[in-house]
Structures are given as structure tokens and as C-alpha cells.
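In the order they appear, the protein sequences are chains A and B.
When we follow our numbering, the leftmost residue of the first sequence carries the number 6, and every step to the right adds one.
When we follow our numbering, the leftmost residue of the second sequence carries the number 377, and every step to the right adds one.
Note that CB positions come from ideal geometry on N, CA and C, so glycine has one too.
This one's a predicted model, so the numbers in the text were calculated from it and none came from an experiment.
One structure is given here, and the rest of the page talks about it.
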Amino acid sequence: MTQATNGTPMIRLEKVSKTFYRDKEALEVLKSIDLEIQEGAYEALMGPSGSGKSTLLNLIAGLDRPTSGKLTVAGADIGAMAEDQRARFRAANIGFVFQTYNLMPVLTARENVELPLLLAKLPADERRKRAEIALKVVGLEHRMDHLPRQLSGGQEQRVAIARAIVTDPKIIVADEPTGDLDRESANEILNLLERLNREFKKTIVMVTHDPAAAERAGTVRRLDKGNLV
Amino acid sequence: MIPIAYNVRSLFVRKATTIATALGIGLVVFVLAASLMLGAGIKKTLVSGGRPDYALVLRKGSDTELASSIEVRTVSLVLAAPGVKKANDGAPVGSGELVVVITMEKPGTDGQVSNVQVRGISDNVLTLRPDVKVIEGRAPTPGTDEVMVGRGIVGRFTGVELGKSFELKKNRPVKVVGVFEAGGSSFESEIWADIDTVRSSFGREGLVSSVTVRLDSPSRFEAFKAVMETDKQLGLEAFREKDYYEKQSQGTSIFVWALGILITIFFSIGAMIGATITMNAAVAQRQREIGTLRALGFSRVSILFSFLLEAVVLAAIGGAFGLFGAFLLSFAEVSMMNFATFQEVTFGFDPNPVLLGAAFVFGAAMGVLGGFFPALRAASVSPVDAMRA
Chain A
6 MTQATNGTPM IRLEKVSKTF YRDKEALEVL KSIDLEIQEG AYEALMGPSG
56 SGKSTLLNLI AGLDRPTSGK LTVAGADIGA MAEDQRARFR AANIGFVFQT
106 YNLMPVLTAR ENVELPLLLA KLPADERRKR AEIALKVVGL EHRMDHLPRQ
156 LSGGQEQRVA IARAIVTDPK IIVADEPTGD LDRESANEIL NLLERLNREF
206 KKTIVMVTHD PAAAERAGTV RRLDKGNLV
Chain B
377 MIPIAYNVRS LFVRKATTIA TALGIGLVVF VLAASLMLGA GIKKTLVSGG
427 RPDYALVLRK GSDTELASSI EVRTVSLVLA APGVKKANDG APVGSGELVV
477 VITMEKPGTD GQVSNVQVRG ISDNVLTLRP DVKVIEGRAP TPGTDEVMVG
527 RGIVGRFTGV ELGKSFELKK NRPVKVVGVF EAGGSSFESE IWADIDTVRS
577 SFGREGLVSS VTVRLDSPSR FEAFKAVMET DKQLGLEAFR EKDYYEKQSQ
627 GTSIFVWALG ILITIFFSIG AMIGATITMN AAVAQRQREI GTLRALGFSR
677 VSILFSFLLE AVVLAAIGGA FGLFGAFLLS FAEVSMMNFA TFQEVTFGFD
727 PNPVLLGAAF VFGAAMGVLG GFFPALRAAS VSPVDAMRA
């Protein structure tokens, strides 16, 4: 597919390593990774379980910090940020799509989509309006007042995508977004991600095991034992 | 800020544990509110008998009317003291009264007895105590074996009902000819009989227990007290009537409060453990939700505050149950021993809004304490670890 890149790096990793410690045993999950992802790119990360792809995605999303190396996302050195700074960075720049949707079960679709806007200190009617627009983009304007349990898996994931885009973030990180869906629903989600990249110029980084999903991305990168191959 | 709807609805997802925990906290709030209300009720009942412009004279060294004994000839000296109000006819507003305690049987209790205070009164008692109103029947005729009884003990003792008789002392029957109220004061738990009847029944001829006088104004008390206490031969001690009843109420109200607080402490430990278990379970069950909220950008403080708020909402639900139950008690009356006079007195629960508010705040504080560590746990979890859970 055609990516909406403009040649400016949105994500840059320079010799980034990540080591986890379990008891006294060190486990190096990412080994001196150098990577550049352009603004407007749609990239898929593939690799066997334990290859480090989710760890890499977590670093890019600002959920975790590298053990060493420099990590720049949207122009910010997020590897050097403190916990609360990273939380603010995520709220402003990152949209998340998870494999298991991770919607709040007690909130309606619209309330779930409104959640990230609560951090933007917008008036209630503005939050409501933006949430409704986001749900319209994913084609769920008629299911706004439904709870997650009243929606199908595909619809839940579309609500999650609406939540991911409602703050108009620069980057969307998707961790196995089709992993829990049937093929038809998976295709709907992949079409939607493609549209967000193409029409809304979102930079998308997606972890997937599914070759059909990876095919939709402009670039596919493979990880194995903590190395980009 | 995470919307409160998230916390409130989450509580109702786990209805059974929410209700059980809320009831535990509600029980604590109920016990605390009830004991505070009863303590306040006792104070109100005992203290409301006293007025600021009234003075009570006892024999020096006597803490209570029951322990006091003053010769009748001294009464006129007290009534003649400066500062004592005069009625329109020029007579001083005051009288000597004789107080004794008798044991009476409670109906339907298989012979259970309790103490009742009997007050020997003068015929000017209703002038002296304008708060006292005869609500049924009439006042006893002076010099007869007639009595009137406070509305608080009507029916609580055998024969203490309008038109019935009971024995003031063995072979000394008296007839109830009236029922009076006294503004909710402890007088409503007394039997009032003619003073000579009481004297002759109990062999207390020539004596009174106390002299009560009305003063021209509350400010005349110090001068009146000085006159009463200067003559050491009289051996008298004067009290503001309000202070006297305040002191009378202390022992019983402190006992009730202390007992209530002791029970509250034990119950609250249990309720706090319940709140902690409930909130810990909530945090454990919602790890993924917490991780997601953290990923979306909500700070640790937001998560901490959100779960603390949830614990407070849980406690507030319980507190509302407890307050509702406690409020219902304001329609009930209990009779118990006044430790100062050893008489059984009927008390109400005083639904004082300040006390109810304090009990509710205590319940909410239990929620905060019980929920703090689970909330801290929720706030401490890393988003990556939480979403893996």
C-alpha cells in the first residue's frame, strides 16, 4: 500500500536496548536497536513470541523506558522523561489499540471514547461532540450508548480505535489489533487503520502475528531474539 | 480526572461484596451515631430540667438531692435570701422538696424491679416550674395520698397509670390522678406526691432534700450563693440549677459515649478490614483497566484518587444506611439507670445533625483508611505489567 510519509522521522531509536531483571538474572529483550519511522508511515512489527516486538512497541508508546540508548518520538526524548511526563506525552501524542480492546466495561461506547479527552480539560459538551465525531469515523454512531458487552468484538475494537483517535494523536500504536477477531471483523479493522493512515495521516506502528494484517502495512519489520533482522 | 461514574458503576458490578461491605460500614456508623445520639439525649433530658435563673440549694458536701438533707426551718432562710424572685402576692418563688428512691416492679417482667425517684412537692410546684404541664388528669390535692407521674414512666411500672394505685411504701397505697410532662427533662421519669405524704411515708419528718428558688435574674446567682455559703452553721451549698443537672448527666452520658466509642472501635476495625478486602479485590480484578487508564495518560495520582473515591463512595453508601437506621432511633425511647441518682430515667435519642454528620464523616474516613492501601497498590502498578495481568 501507499504510505502517507513526508520524509520526517517521527520515531527514532539509536542503539536502544532493554533489559529485564528477574531475581538476579538479566534478560536482554532488545539489543542495541537502531530504527527510524517516518511521519505518516504505517509499519508492522512481526516476529516470534519473545522476539521483543511488544517491548519495542511499549518503548515507542512511552509505556516503558529503554535501559540504554536514545529514543525520540514526535521530537521528544521520551527515554529521558519521568513517569508523569511520559503519561502527559502519551495523552497528547499516542493513540492505543489493544488486542483485547481494553474498554472500560461499565462505561458506554461514548464514555469510553471520551476518556482520553478528560485529560485535555475540555468542556463536557465539547468532549461529547468530539467523541461522537470519532465514533462516526469508525461507523458506530448508532451504538454510542451501548456498553462494551452489548457490542460484537469487531465493534468493541472500533470503539477502541475511536478512543485512540479522539485526541487527534500523531501516532497510533496497535498491539495485535486483529488477534481476537474473525477474518471479516479483522478486515474491517485493517481497513479502518489503513484509512486513518491514508486520510488522517496518522503514523501507525502495529505488532502482529497475522501475515494478512502485516500485508496492509507499508513496511514490515521483523524482530528475532531482540534484533531487527 | 477519571469520571466518578466509572467508580460508582464498578461498585454495582460487584453488588454482593459492595452491599456486604457497605452494611459493615453502615453498622459502625449506626453504632457510633446511636451512642452519640443517646449520649446527647441523656444530656438533653437531664440538663433541660435546669434553668439559668434557678438555683438549687443542697446540704454542703452532697452531690445529689438524694444524698442531701436540710432541716425545714432552714427553707424559710433560703427563700428570704436576697435575689430570690417574689411572686405578685409577694411570696418568694421557691420551695423545699424531698427526694427518695423506691423500687417498683416492671409489668410483664416476672418480678424485675427498678428504681424510681419520688419527689415530695409543695402546692406551688406548678408556679415554681412553669415548664411542667399536667397533660392528663389533674395535679394531686395537697395533703392527700394522690400522686401525679411523669409521662416517661407511664405504664413502665406496675400501677403507674392514670386512675391506678400502687404502694409508695408497704401498706401506703397512693393513687395516680395525673400525668405531667416537663419539656423532656428527667422530671418526666419521676413520681410527684405531696411532700408531707412522702415525709410521713419514709420517716423524714422535718426534712427536705433541696430548696429550689427562682432568682430575679441569672446574674443574681453569685450574690445568692455567697449568702448561702457564708453562714457555715447553715452548712448549705448553692448551685445554678443548670450546672447541677449538667453534672448529674456527666456520668451517664460519658458512660454511654465511652461504651459506644469502644464498640465503634471494634466494629470499625472489622469494617475497615472489610473495605480493604473489597477494594483489594476490586484492584486485582481491574488490573487491565488500571493499566489501560495509565496507558491513556492518567497519572498515578489520578488512579490513587479514583480508587480512594470509590472507597469513599462505598463508605458513604454504608454511612447512609447507618444514618437511616440511627435516625429511626429518634422515634424510640430507652430507660436506663442514671448513675448519679440510681433512678431509672427514660431517655430519647437526640438526632443532632452535628453528631449525625460526625458519624457519617467517621464512616467516610473508614472508607479512606480501608481503601488507601489498595488504591496505593493500584496507583503503583506499571501500565505494562497491569495490562499483562
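* To do: Express the C-alpha separation of Ile176/A and Thr7/A in angstroms, rounding to a whole number.
  => Looking up residue 7/A in the first sequence gives position 2. Looking up residue 176/A in the first sequence gives position 171. Confidence at Thr7/A is low in this model, with a pLDDT of 49, below 50, so the placement of that residue is unreliable and no value is reported for it.
* **Endpoints, the beta strand (DSSP E) within which Tyr430/B is located** => Position 54 of the second sequence, counted from the start, is the residue given in the question as residue 430/B. From DSSP, the beta strand (DSSP E) with Tyr430/B extends over Tyr430 to Arg435.
* To do: Quick one: list the residues of chain A neighbouring Ala671/B, beta-carbon separation under 7 Å, in chain order.
  => By 1-based counting over the second sequence, the position of residue 671/B is 295. Going along chain A in sequence order, the residues near Ala671/B (Cβ under 7 Å) are Leu68, Arg95 and Phe101.
* Would DSSP call Ala31/A helix, strand or coil? -> Numbered from 1 along the first sequence, position 26 holds the residue referred to as residue 31/A. In this structure, Ala31/A counts as strand in the three-state DSSP scheme.
* Using 8 Å as the threshold, is the stretch 461 to 477 of chain B in touch with the stretch 514 to 527 of chain B, meaning 3 or more CB pairs across them? -> By the C-beta criterion, the stretch 461 to 477 of chain B is judged not to be in contact with the stretch 514 to 527 of chain B, since fewer than 3 inter-stretch pairs fall below 8 Å.
* Between which two residues does the beta strand (DSSP E) harbouring Tyr47/A extend? -> Taking the first sequence and counting its residues from 1, one reaches residue 47/A at position 42. Run containing Tyr47/A: Tyr47 to Met51, per the beta strand (DSSP E) assignment.
* To do: State the DSSP-derived secondary structure class of Arg148/A, mapped to helix, strand or coil.
  => Counting from 1 along the first sequence, the entry for residue 148/A is found at position 143. The DSSP-derived three-state label of Arg148/A is helix.
* Ala774/B versus Met742/B: straight-line alpha-carbon distance, rounded -> No answer is possible for residue 774/B: the residues shown for chain B start at 377 and end at 765.
* Using a Cβ cut-off of 8 Å (strictly closer), state whether Thr668/B contacts chain E. => Although the question refers to chain E, the structure presented lacks it and instead comprises the protein chains A and B.
* Asked: Taking all protein chains shown into account, do 16 or more other C-beta atoms lie within 10 angstroms of the C-beta of Pro483/B, making it buried, or fewer, making it exposed?
  -> Position 107 of the second sequence, counted from the start, is the residue given in the question as residue 483/B. Exposed: under 16 other Cβ atoms inside 10 Å.
* Asked: Interface residues of chain B around Leu124/A at Cβ under 8 Å?
  -> Residue numbering aside, residue 124/A sits at position 119 when the first sequence is read from its first letter. Simply Leu672, Gly673 and Phe674.
* Asked: Looking only at its own chain, which residues have a Cβ that is under 6 Å from the Cβ of Ala754/B, when we skip the five neighbours before and after it?
  -> By one-based count along the second sequence, residue 754/B stands at place 378. The answer, listed in chain order, is Val659, Ile666, Ile679 and Phe683.
* Listing by chain order, which chain B residues have their CB less than 7 Å from the CB of Met1/A? -> Here chain A comprises residues numbered 6 to 234, so residue 1/A is not present and cannot be evaluated.
* **Cβ neighbour criterion (16 or more within 10 Å) applied to Ala149/A** => Here residue 149/A refers to the residue found at position 144 of the first sequence. Checking the displayed sequence, the identity of residue 149/A turns out to be Met instead of Ala. Burial call: buried.
* **Other residues of its chain near Gly650/B: CB distance less than 8 Å, five sequence neighbours each side excluded** => Within the second sequence, residue 650/B is the residue found at index 274, counting from 1. Around Gly650/B: Ala396, Thr397, Gly400, Ile401 and Gly746.
* Secondary structure at Arg532/B, three-state DSSP: helix, strand or coil? -> Translated into the one-based positions of the second sequence, residue 532/B becomes position 156. Here Arg532/B sits in coil by DSSP.
* Ser586/B lies in the beta strand (DSSP E); which residues open and close that run? -> Sequence index remark: in the second sequence, residue 586/B carries index 210 (1-based). Ser586 to Arg590 is the extent of the beta strand (DSSP E) around Ser586/B.
* To do: Give a yes or no on whether the minimum CB-CB distance between Pro379/B and chain A is below 8 Å.
  => Along the second sequence, read from residue 1 onward, the residue named residue 379/B stands at position 3. Cβ-Cβ to chain A under 8 Å: yes for Pro379/B.
* To do: Inspect the CB distances between the stretch 202 to 212 of chain A and the stretch 23 to 30 of chain A and report whether three or more fall short of 8 Å.
  => no
* Interface residues of chain B facing Val34/A [CB-CB closer than 9 Å] -> For this step, residue 34/A is matched to residue 29 along the first sequence. Those within 9 Å of Val34/A in chain B number zero; the least Cβ separation is about 12 Å.
* Tell me which same chain residues have a C-beta within less than 8 Å of the C-beta of Ser706/B, skipping the five on either side of it? -> One-based indexing of the second sequence puts residue 706/B at position 330. Excluding sequence neighbours, Ser706/B sits near Met413, Gly724, Phe725, Asp726 and Pro727.
* **For Pro71/A and His151/A, the rounded distance between their alpha carbons** => Start at 1 with the first residue of the first sequence, and residue 151/A comes out as number 146. Start at 1 with the first residue of the first sequence, and residue 71/A comes out as number 66. So the alpha carbons of these two residues sit roughly 39 Å apart.
* Asked: Is there at least one Cβ from chain A nearer than 8 Å to Arg664/B's Cβ?
  -> On the second sequence, position 288 is the one that residue 664/B refers to. By this cut-off, Arg664/B is an interface position.
* Nearest-angstrom Cβ-Cβ length linking Ala431/B and Ala614/B, presumed shorter than 8 Å -> As a first step, residue 431/B must be located in the second sequence, where it is residue number 55. As a first step, residue 614/B must be located in the second sequence, where it is residue number 238. 5 Å between Cβ atoms; contact.
* Neighbour list for Pro759/B in chain A, Cβ cutoff strictly below 8 Å -> Sequence index remark: in the second sequence, residue 759/B carries index 383 (1-based). Near Pro759/B (Cβ distances below 8 Å), the residues of chain A are Leu68.
* For Leu50/A, count neighbouring Cβ atoms within 10 angstroms of its own Cβ and tell me buried if that reaches 16, exposed if not. => Here residue 50/A refers to the residue found at position 45 of the first sequence. Its Cβ being crowded by 16 or more others within 10 Å, Leu50/A is buried.
* Can a CB atom of chain B be found closer than 8 Å to the CB of Pro121/A? -> Reading the first sequence from its first residue, position 116 is the one you call residue 121/A. With 8 Å as the cut-off, Pro121/A counts as an interface residue toward chain B.
* Within 8 Å, strictly: CB atoms of Phe406/B and Gly698/B -> Position 30 of the second sequence holds residue 406/B. Position 322 of the second sequence holds residue 698/B. Contact: yes.
* Curious, which full-length alpha helix (DSSP H) runs of at least 4 residues does the stretch 644 to 719 of chain B contain? -> 663 to 672 and 676 to 705
* **8 Å Cβ cutoff met for Gly554/B and Glu622/B** => Translated into the one-based positions of the second sequence, residue 554/B becomes position 178. Translated into the one-based positions of the second sequence, residue 622/B becomes position 246. No, the pair does not count as a contact, with Cβ atoms beyond the cut-off.
* Asked: So, helix, strand or coil for Ile637/B, using DSSP?
  -> Reading the second sequence from its first residue, position 261 is the one you call residue 637/B. Helix at Ile637/B.
* Asked: Any Cβ of chain B within less than 8 Å of the Cβ of Met109/A?
  -> As a first step, residue 109/A is located in the first sequence; it is residue number 104 there, counting from the start. It does; some Cβ of chain B falls within 8 Å.
* Of all Cβ atoms in chain B, is any one closer than 8 Å to the Cβ of Ala218/A? -> Counting from one through the first sequence, the residue named residue 218/A turns up at place 213. Not a single C-beta of chain B is nearer than 8 Å to the C-beta of Ala218/A.
* Are Leu610/B and Thr450/B close, meaning C-beta to C-beta below 8 Å? -> Residue 610/B sits at position 234 when you count from the first residue of the second sequence. Residue 450/B sits at position 74 when you count from the first residue of the second sequence. Contact: yes.
* Asked: At what residues does the beta strand (DSSP E) containing Asn202/A begin and finish?
  -> By one-based count along the first sequence, residue 202/A stands at place 197. Per DSSP, Asn202/A belongs to no beta strand (DSSP E); it is in the alpha helix (DSSP H), Arg188 to Phe205.
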